[in-house]
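Enquirer: With numbering that gives the first Met the number 0 as the guide, the letters of the sequence shown map in order to residues 0 to 285. Note that CB positions come from ideal geometry on N, CA and C, so glycine has one too.
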Amino acid sequence: MTKQRETFVCLMYHNVPATAASYAELSPSITSYFVERELFARQMQMLRELGVTCWGPRALADFYAERGPGVRGQGSEINCPDPRPVVLTFDDGWRESVDTAGPILESHGYDAMLFITTDLIGRPHFLARSQMDRLPRHVFRIGSHGRSHRLLSQLPAHDIHEELAGSKAYLEDALGCPVDALSVPGGVYDDRVQHIAAEVGYRFLFTSRVQANARGQDARAIGRIAIRQSTSPDAFRRIVLQQLGRERLRQWFIQAPKRLLGDARYQRLRSRLLGVTSEHKDMGNL
C-alpha cells in the first residue's frame, strides 16, 4: 500500500571542514554556519538511527510533480512507510563540503543538493571548475547560489536577472546538463526574485524559512533549517522529526531586530556581537 508523504524538512548545510580552525581568516558570520566532520558524521548516523528517508532530487521532483502550469500541485505517491523524509542541501560551493562530506554521504547511500556561487569557483577553499567534472553525480546534484552571493531582494530587477541567468548558464556549460534549482543567498527573496527565477528556468527555489514543506505548496518557496556546529543533538533530532516550534520561535526573535533596524544596521550589530574585525574576510571579499 502506498502512503502519500504530506511534508518534508530540508536541512541547510554550508561547509564541512575537518576542523574550522583552518578557516581562521574568515568572518565568524561565515564560520558559524560550518559543521565539523566528526559532528556531521554523527548527524548522518542519527538520520539512519531515526529511520528517516533521505530524499534526493528525483524524490523531490516527484513530490512537486506538475499538475498544469508551474510546479504547484498534488504530487505523486511514493511507496515508503516513513512519513518524515529529509532533503540535504549545501550552500556556496565549499571544497570540503564535497571532499569531506561527500564520502560520509556516500557511505550512508545519501545524496544532496550542492548550490554553487559561480563567482567563488576557483577561489581559496572553494571548488575549482576542473573539479566540477569529477563530482560524484550519484551523491551531489548541482544548483545555483547566484553569481556573487549578493542579497537578491536588495538588487534592481536587471541585476537579479543577471545573477540568476548568468550563474545558471555558467553551471550548465560546466556540467553539460540542465540546472533547475536555486538557493537564495542569505535566504532573502521577494516576489521579483521568484518571478525572475521562474522566467529564467528554475523550477525549485530554496529559502531559509523555517518550515516543514507541505504537498501543494509552491516549489519556489522551499523552506530550510540551518544546521550549525552549535546545533545540539536534541535540536537536530527535533528538526528531523519536524518538531519545529523552537526553531520557528528562534527565527522570529532573530528577525525581530532586523525588521526594527533594517538589514544594513542589523548586519553591523550582528558583526559586532560575533566579534567580526576588519581583518576577517566576509562573503563579499573572498
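Would you kindly work out how many angstroms separate the C-alpha atoms of E5 and C53, rounded to a whole number?
Expert: 15 Å
Enquirer: Hey, D110 and F139 are a contact pair by Cβ (cut 8 Å); roughly how many whole angstroms apart?
Expert: 7 Å
Enquirer: On the DSSP bridge list, what partners appear for C9?
Expert: V86
Enquirer: What does the alpha-carbon distance come out to for the pair P27 and H160?
Expert: 30 Å
Enquirer: Have a look at the DSSP bridge pairing and note the partners of A111.
Expert: F139
Enquirer: Note down, in chain order, each residue of its chain lying with its Cβ closer than 8 Å to the Cβ of S277, except the 5 sequence neighbours on either side.
Expert: none
Enquirer: Quick one: using the 10 Å Cβ neighbour count with 16 as the cut-off for buried, is F114 buried or exposed?
Expert: buried
Enquirer: Would you list the one or two residues that DSSP bridges to F125?
Expert: W93
Enquirer: Which residues mark the beginning and the end of the alpha helix (DSSP H) in which L163 is found?
Expert: Unbroken alpha helix (DSSP H) run through L163: A156 to L174.
Enquirer: Below 8 Å, how does it come out for the segment 194 to 202 and the segment 10 to 20: are there three or more Cβ pairs, yes or no?
Expert: no
Enquirer: Can T116 and G142 be called in contact, C-beta distance under 8 Å?
Expert: no
Enquirer: Would you kindly work out how many angstroms separate the C-alpha atoms of R214 and I224, rounded to a whole number?
Expert: One alpha carbon belongs to R214, the other to I224, and they sit about 18 Å apart.
Enquirer: Of the residues N284, L273 and R208, which one's Cα is nearest the Cα of Q250?
Expert: Checking every option, the nearest Cα to that of Q250 belongs to R208.
Enquirer: Going by alpha carbons, who is nearest to G55 out of I29, H137 and H124?
Expert: H137
Enquirer: In chain order, what residues of the same chain lie with their CB nearer than 6 Å to the CB of P232, ignoring the 5 residues before and after it?
Expert: Excluding residues within five positions, none has a Cβ falling inside 6 Å.
Enquirer: Can you pull the DSSP bridge partners for S182?
Expert: F205
Enquirer: Would T206 and V239 be called neighbours here (beta carbons separated by less than 8 Å)?
Expert: no
Enquirer: So which of A17, G222 and R271 has the shortest CA-CA distance to R247?
Expert: G222
Enquirer: Is there contact between the segment 116 to 126 and the segment 165 to 183, where contact requires at least three CB pairs shorter than 8 Å?
Expert: yes
Enquirer: Might you give, ordered along the chain, the residues of its own chain that have their beta carbon closer than 6 Å to the beta carbon of V8, omitting 5 neighbours on each side?
Expert: V85, A211 and Q241
Enquirer: Beta carbon of M112, beta carbon of A180: below 8 Å?
Expert: yes
Enquirer: Tell me which residue opens and which closes the alpha helix (DSSP H) that A196 is part of.
Expert: D190 to V199 is the span of the alpha helix (DSSP H), which, as asked, contains A196.
Enquirer: Give the straight-line distance between the Cα atoms of G101 and S270, rounded to the nearest whole angstrom.
Expert: Roughly 31 Å between the two C-alpha positions.
Enquirer: Can you tell me where the alpha helix (DSSP H) holding D147 begins and where it ends?
Expert: The question names Asp, but residue 147 is Ser in the sequence shown. That residue, S147, is in no alpha helix (DSSP H); it is neither H nor E in DSSP.
Enquirer: Tell me the rounded alpha-carbon separation between E105 and L46.
Expert: Rounded to the nearest whole angstrom, the C-alpha separation of E105 and L46 is 14 Å.
Enquirer: For R227 versus Y32, is the C-beta distance shorter than 8 Å?
Expert: yes
Enquirer: Look at the Cβ atom of M131, then the Cβ atom of L174, and state whether they are nearer than 8 Å.
Expert: yes
Enquirer: Would you call H194 buried or exposed, if buried means 16 or more other Cβ atoms sit within 10 Å of its Cβ?
Expert: exposed
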